[in-house]
Structure formats: structure tokens, C-alpha cells
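Structure record follows, encoded as C-alpha cells.
Numbering (the numbering used here), first residue to last: 295 to 418.
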């Protein structure tokens with residue numbers, strides 16, 4: 295299904311503006327949370343992604359919201375994310391169903407190859 299933002303440019307602009315405003319709130323986090331958030335966003339952008347960047351924008355905002363809540367409740371970052379920050383981030387993204395772009399690319403390649411093989415075997 296095509297997202298509404300693709301054909302409603304006004305909505306897309308509003309969503310991007312709201313995203314930019316929300317991301318600015320990341321600077322209000324305490325130092326350890328802000329550093330973790332910035333590192334996490336960098337990792338998400340480098341390794342994850344689905345069909346478009348909108349899923350990543352949603353992941354950034356969701357992550358910022360839970361980190362903000364934990365920071366406001368004065369939980370230490372270590373207590374909140376645990377011993378392995380990468381594992382925390384990976385589990386968080388799995389819950390949001392955000393795939394690694396490499397996995398998605400390989401899946402597309404395998405599907406395309408299987409279609410070609412099936413087509414050849416049927417003599418087409």
C-alpha cells in the first residue's frame with residue numbers, strides 16, 4: 295500500500311516539519327541520553343530502512359520519546375538500556391519491524407532470482 299504522504303505533498307511537508315521539531319528535542323536530553331540517541335540515529339540511518347525514509351523518521355521519534363521518558367524519570371542510561379546498547383537498539387527496531395537494508399536487499403535479489411529460475415524451468 296502506498297502511503298498517503300507520497301501523493302499528498304502538503305501532508306509530507308507537515309510530517310517532515312513535525313519530525314524536525316521533534317528531533318530538536320533530542321538536544322534537551324541529559325548528556326548520556328543525548329549521546330546515545332545521536333549514536334543510535336546514526337546507526338539506524340546507516341544500517342536500517344524499509345521502503346522509504348518515513349519508517350526511519352518514525353523510528354527516530356519513537357526512540358526519542360522513550361528515551362525522553364526514561365531521562366525525565368531520572369533512570370540512568372545503563373539501567374534503561376542494559377549492558378549492551380546495541381542489543382537494546384536491535385530489539386527496539388525489531389519491535390518496530392524496521393529491517394536491515396542489507397537483509398531487505400538480499401531478500402529482493404533472492405526473490406528476483408527465484409522468479410527467473412522458475413520462468414526458465416517453465417520454458418518461458
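All C-beta atoms in this analysis are idealised placements derived from N, C-alpha and C, irrespective of residue type, glycine included. Please read all numbers here as calculations on a predicted model, not as lab measurements.
Item, Value
"C-alpha distance - residue 361 paired with residue 390, whole-angstrom precision", "15 angstroms"
"Boundaries (first-last residue) of the alpha helix (DSSP H) holding residue 367", "Where residue 367 is concerned, there is no enclosing alpha helix (DSSP H), given that its DSSP letter is neither H nor E."
"Burial state of residue 305 (16 or more Cβ within 10 Å)", "exposed"
"Contact between the region 348–359 and the region 402–409 (3+ Cβ pairs under 8 angstroms)", "no"
"Beta carbon of residue 379 nearer than 9 angstroms to that of residue 334", "yes"
"Residue 378 Cβ short of 8 angstroms to the ligand ZN heavy atom set", "No copy of the ligand ZN appears in this structure; indeed no ligand is present at all."
"Separation of residue 373 from residue 309, as counted between CA atoms", "33 angstroms"
"Option in 417, 320 and 376 with minimal Cα separation from residue 366", "320"
"Through-space distance from residue 301 to residue 354, alpha-carbon basis", "23 angstroms"
"Outcome for residue 295 when other beta-carbon atoms lying within 10 angstroms are tallied against a minimum of 16", "For residue 295, the pLDDT reaches just 43, beneath the cut-off of 50, and the residue's location in the model is therefore unreliable, leaving the point undetermined."
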